[in-house]
Amino acid sequence: MYRVPERRESASWKSWGGVQTHEAASAEAERISLELKTLASGAEFPLSILPVARLTSAEEAERLRGPYDAVVLFPATGSGDTLRACLALSENMVIFVRHRSGPAYYWYEALSTRYLQPRRLGSAKGVPAQSAGVSVDDVVVDDMSELAGRLRALYAVRNFLGSRVIALGGTWGKYAAEAPEKAKQKFNLEIIDVSYDDLGKRTRSVWNDAGLVSQAEQWTSRYTALPGTRLETDRKFVVNAFLLYGVFKELLKEHGASIFTINRCMGTILPMAQTTACLTLSLLNDEGLVAFCESDFVIIPAGILLHYVAGKPVFLHNSTFPHKAVVTCAHCTSPRRMDGAHYEPARVLTHYESEYGAAPKVEMPIGQEVTFINPEYATGRWVGMRGTVEGNPFYDICRSQQDVRIQGDWKRLLDEVRDSHWVMAYGNWLLEAAYAAGRIGIEWDAISD
């Protein structure tokens, strides 16, 4: 977006900004094209950039309306009316202005709350989260990596809203019975309830299929031969976990879904599957799908969103009481390919509470940075924080367990203890998660910078 002013003698005839001619606009469009091409080539999420469009008026902006997933606006110069017309093109808009990265932009000075909505990300003053309209949160100055983060967050939101989730055995919300219904209403999640009666028919058929059993035996041999893998439970439990993996994959395929969760996973499924679902869920996550135990819709929305933000598997785990900046994160379903590529070392043990089945004890690298989300039940407030893995102990708790040092004002967590589930992903995704949370009407409260 730009404007070509006309020189007037003895008068002020131009605004701030280094794009005041068609020639300067052409050069700037070329610069933007190259920057976006570089950005797209380094993006770790699907991103297709359309050609840069130049415009000088509100009428030209109107002609650019289309079904875009997102719009990036570069307002170099131009009128407020033209800016408003551009802002109307999409709610999924990011505004990029230049301070030092190229020719200075007039709208680096003039952007204001006359044109933009207030912050969405919540505040200490209790400003409610907002999701509609282009906001001051949507402005990026100079930093292409920050722009990439905004686009990554928009990608996550687009894939999160309206997600289809298979819920075996129904749904619940830990200490928040209303959580499943709120997830449907707020995020338009489509939750497909699959009964255990249905599962029982499928498992009986699969377990009696010699070909499928032979395939599961082969997969078990390949899995247990992975470097760093130690089998410390009965091999038949792992074979049955792979048979169950096939059943869950078939359910996902039938319903056109990529997200799976299971209720009553510590009881009902054990005699049906002749194993636990722990390793099976780990395998699904390693494959790039989203799979959670317990069907807890307090945490599942946050887990789905974090999966799409990070582009990596997410570990849903129990939280513990924070002390001296340390928490222990534990569950029996941890993915092994937490970086999205490599298998972490793991012992395959029984599920802790039942001493039955197959569950991975995943060893995460010491010093690994992780991002957490800790929802406040179903209130619409999520707490975000960073941590660093300090150890992989072997306490008498769920098998995959990490002692993690919280970065930032860890004592604030003392007011956030809920005996609840958290989700964890490798890397620092706080900025992207905060931006995505604001886009879906969640109040985001970050403990770490």
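Residue numbers (this note's numbering): 1 to 449.
Quick reminder that beta carbons are idealized off the backbone N, C-alpha and C, glycines included.
Given the structure is predicted, the values throughout are model-derived calculations rather than measurements.
Residue 167 is positioned such that its CB atom lies no closer than 9 Å to that of residue 269. Looking only at 194, 154, 160, 157, the smallest Cα-Cα distance to residue 170 is reached by 194.
The way I'd put it, the region 328-338 doesn't touch the region 199-219; fewer than three beta-carbon pairs between them come closer than 8 Å. Judged by DSSP secondary structure, residue 34 falls within the alpha helix (DSSP H) whose first and last residues are 22-42. Along the length of the region 109-196, whole alpha helix (DSSP H) runs at least 4 residues long occupy 144-160, 179-187, reported in chain order.
Separation of the CB atoms of residue 382 and residue 392 is rounded to 27 Å, and the pair is thereby denied contact status at 8 Å. If you draw a 10 Å sphere on the C-beta of residue 198, you find fewer than 16 other C-beta atoms in it, and that means exposed.
Note on geometry: alpha-carbon atoms of residue 336 and residue 278 lie some 12 Å from one another. In the displayed model, residue 361 falls within a strand according to three-state DSSP.
Around the beta carbon of residue 22, fewer than 16 other beta carbons sit within 10 angstroms, so the residue counts as exposed. The beta carbon of residue 162 is closer than 8 Å to those of 187, 188, 189, 190 in its chain, skipping five residues each way along the sequence. In this structure, the straight-line span from the alpha carbon of residue 226 to that of residue 404 is close to 26 Å.
Remark: C-beta atoms of residue 369 and residue 388 approach each other more closely than 9 Å.
Counting C-beta atoms within 10 angstroms of its own C-beta, residue 201 has fewer than 16 neighbours from the protein chains shown and is therefore classed as exposed. Spatial neighbours of residue 228 in its own chain (CB-CB distance under 8 Å, excluding positions within 5 residues in sequence) are listed in chain order as 343, 344, 345, 346, 363. Around the beta carbon of residue 379, a 10 Å sphere encloses fewer than 16 other beta carbons of the protein chains shown; the residue is thus reported as exposed. Partner residues in the beta bridge of residue 229, as assigned by DSSP, are 346. Here DSSP, grouped into helix, strand and coil, assigns residue 242 to helix. Annotation: residue 90 to residue 148 spans about 18 Å, alpha carbon to alpha carbon. Between residue 45 and residue 152, the C-beta gap is smaller than 9 Å, which places the two residues in contact. Of the residues assessed, residue 367 falls on the exposed side of the cut-off, its CB having fewer than 16 other CB atoms within 10 angstroms.
Annotation for residue 269: the continuous alpha helix (DSSP H) segment containing it runs 269-273.
DSSP places residue 99 in no beta strand (DSSP E); its state is neither H nor E. Uninterrupted beta strand (DSSP E) stretches at least 3 residues long and entirely within the region 270-313 occur at 290-293, given in chain order. For residue 443, the uninterrupted beta strand (DSSP E) run begins and ends at 443-446, by DSSP.
Of the residues assessed, residue 402 falls on the buried side of the cut-off, its CB having 16 or more other CB atoms within 10 angstroms. Checking the DSSP bridge columns, you'll see residue 426 partnered with 370. When DSSP states are grouped into helix, strand and coil, residue 332 belongs to the coil group. Of the residues assessed, residue 307 falls on the buried side of the cut-off, its CB having 16 or more other CB atoms within 10 angstroms. With a threshold of 16 other beta carbon atoms within 10 Å, residue 176 meets it and is buried. Residue 87: member of the alpha helix (DSSP H) spanning 80-87, first to last residue. Residue pairing by DSSP places residue 93 opposite 71 in a beta bridge. Within the model, the alpha-carbon separation for residue 250 versus residue 421 is close to 28 Å. Per DSSP, residue 212 is one residue of the alpha helix (DSSP H) stretching across 210-224. Taken through DSSP and simplified to helix, strand or coil, residue 395 comes out as coil.
A straight-line Cα-Cα distance of about 6 Å links residue 350 and residue 233.
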